[in-house]
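Asker:
Numbering (the working numbering), first residue to last: 1315 to 1717.
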């Protein structure tokens, strides 16, 4: 369903994602190796670098031509309110306040002085005071006339908070404010990052950028879930960038899914369950199989997409796994000749256990960079779908592979 309703959270979700993507680009562009960035603490994005703190309010839009910013803009007053609220926690002498927006500034707006830190802000201060007073007065007039709802509801909190400050404090705040209009929206952040990876071959820049974004998003999630500190250091980003480039240069596979869990909606091929049921495998065994089959399947798909030349190597490794399995399966077939089905099931479960516990340790890995046991475990279940491997001595006939 492509349509949205009045309560759609799309804009809010994109706004948060934009914060994360912008923070990545911001930290990469920072020159200080010791720079640290935070999301959703004192502001949307907080950067600490060279003894200075930069608070950045981000205003995102997917519009091809967002409405230009003026002193009457809701985003200006919401931003001022956000900064005023955290004033007790700030040392203004060591803090810069940035309003970052994809919109442009109105060519006639006094806000233009915020593009240059050396520009005098006296006229802007007067314009903001007058606008705030106008908003408060119009709300008071409306209230006196019994008009509801009162006008300027979105701007009123910011206007009231601003006017409660002394003239000196208002001026101090404006002296620390910078406006950064005309920023790229979320559609273009990853492309912009790719262009900044000047030490990477042009053909590899999009892939490296995508990998960096993927890693970054995981760090953001972990930070918000309490799995890691909310401070993300630039040296972490640089280290990850170097690892990604090294993987590409050495043609290394990355085991993306070794510790991941399949989504709740995932359903493996019915043959995975049929193979396990045939030897009396438990529900626990089925869950293990589904998890590892998903991990292997996702890895194979991604590797083949990122580098089609790996398809042959993956296929050759399938042959290697099937070969080792065939030795074991041939043995149990001989041992079970003339035996009851219960004996065959028991031997089949032993083979299933071998594929899970022993094979990952006994068989050489696909590559030195893929060491987790999940790939071998899962690949055996991938191969079981087409009957290349199985657990029961007679699985080939019993499951209809023998035509």
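Every residue, glycine too, gets a C-beta built ideally from N, C-alpha and C.
(1) Taking only the alpha-carbon atoms, compute the straight-line gap between residue 1472 and residue 1386 and give it to the nearest angstrom.
(2) Report all residues from its chain with a CB closer than 8 Å to the CB of residue 1492; omit the five preceding and five following residues, and keep chain order.
(3) I want to know whether the region 1517 to 1527 touches the region 1436 to 1456 - three or more CB-CB distances under 8 Å.
(4) Compute the distance between the beta-carbons of residue 1479 and residue 1470, then report whether it is under 9 Å.
(5) Between the beta-carbon of residue 1589 and the beta-carbon of residue 1683, is there less than 9 Å?
(6) Under the three-state reduction of DSSP, which class applies to residue 1570: helix, strand or coil?
(7) So, at 7 Å on beta carbons, what are the nonlocal neighbours of residue 1302 in its own chain, with the 5 sequence-adjacent residues on each side left out?
(8) Work out the CA separation of residue 1667 and residue 1539 for me, nearest whole Å.
(9) Let me make sure I understand the geometry here. Which of 1510, 1452 and 1442 has the alpha-carbon closest to that of residue 1342?
(10) What would DSSP say about residue 1321, mapped onto helix, strand or coil?
(11) Here's a check: name, in chain order, each residue in its chain whose Cβ is nearer than 6 Å to the Cβ of residue 1397, leaving out the five neighbours to either side.
(12) Between the C-alpha atoms of residue 1563 and residue 1673, what's the straight-line distance to the nearest angstrom?
(13) Check for me: the beta strand (DSSP E) holding residue 1369 runs from which residue to which?
(14) From the DSSP secondary-structure annotation, give me the bridge partner or partners of residue 1413.
(15) Checking 9 Å against the spacing of the C-beta atoms, do residue 1565 and residue 1685 come in under that value?
(16) Classify residue 1356 as helix, strand or coil using the three-state DSSP reduction.
(17) If you run the structure through DSSP and keep just helix, strand and coil, what is residue 1362?
(18) Which of the three DSSP states is assigned to residue 1677 in this structure?
(19) Taking the DSSP output, what are the residues bridged to residue 1350?
(20) Compare the C-alpha of residue 1423 against each of 1415, 1401 and 1438 and name the closest.
(21) What residue does the alpha helix (DSSP H) around residue 1655 start on, and which one ends it?
(22) Could you please give the first and the last residue of the uninterrupted alpha helix (DSSP H) stretch that includes residue 1427?
(23) Which value, in whole angstroms, describes the spacing of the CA atoms of residue 1369 and residue 1499?
(24) Any chance the region 1380 to 1395 sits against the region 1347 to 1355, with 3 or more Cβ pairs inside 8 Å?
(25) Do you know offhand how far residue 1330's Cα is from residue 1675's?
(26) How close, in whole Å, do the beta carbons of residue 1634 and residue 1677 come, if the pair is a contact with beta carbons under 8 Å?
Answerer: The structure says:
(1) 11 Å
(2) 1410, 1411, 1412, 1413, 1428, 1429 and 1431
(3) Contact between the region 1517 to 1527 and the region 1436 to 1456 is absent, because fewer than three Cβ pairs lie under 8 Å.
(4) no
(5) no
(6) coil
(7) As displayed, the chain neither begins before 1315 nor continues past 1717, which places residue 1302 out of reach and without an answer.
(8) 35 Å
(9) It is 1510.
(10) The predicted position of residue 1321 is uncertain, since its pLDDT is 35 and thus under 50; no value can be drawn from it.
(11) 1411
(12) 30 Å
(13) Run containing residue 1369: 1366 to 1373, per the beta strand (DSSP E) assignment.
(14) 1371 and 1493
(15) Not a contact, by the Cβ cut-off of 9 Å.
(16) coil
(17) strand
(18) coil
(19) 1362 and 1547
(20) 1438
(21) 1655 to 1667
(22) That residue, residue 1427, is in no alpha helix (DSSP H); it is neither H nor E in DSSP.
(23) 19 Å
(24) Counting Cβ pairs under 8 Å, fewer than three are found: no touch.
(25) 43 Å
(26) 7 Å
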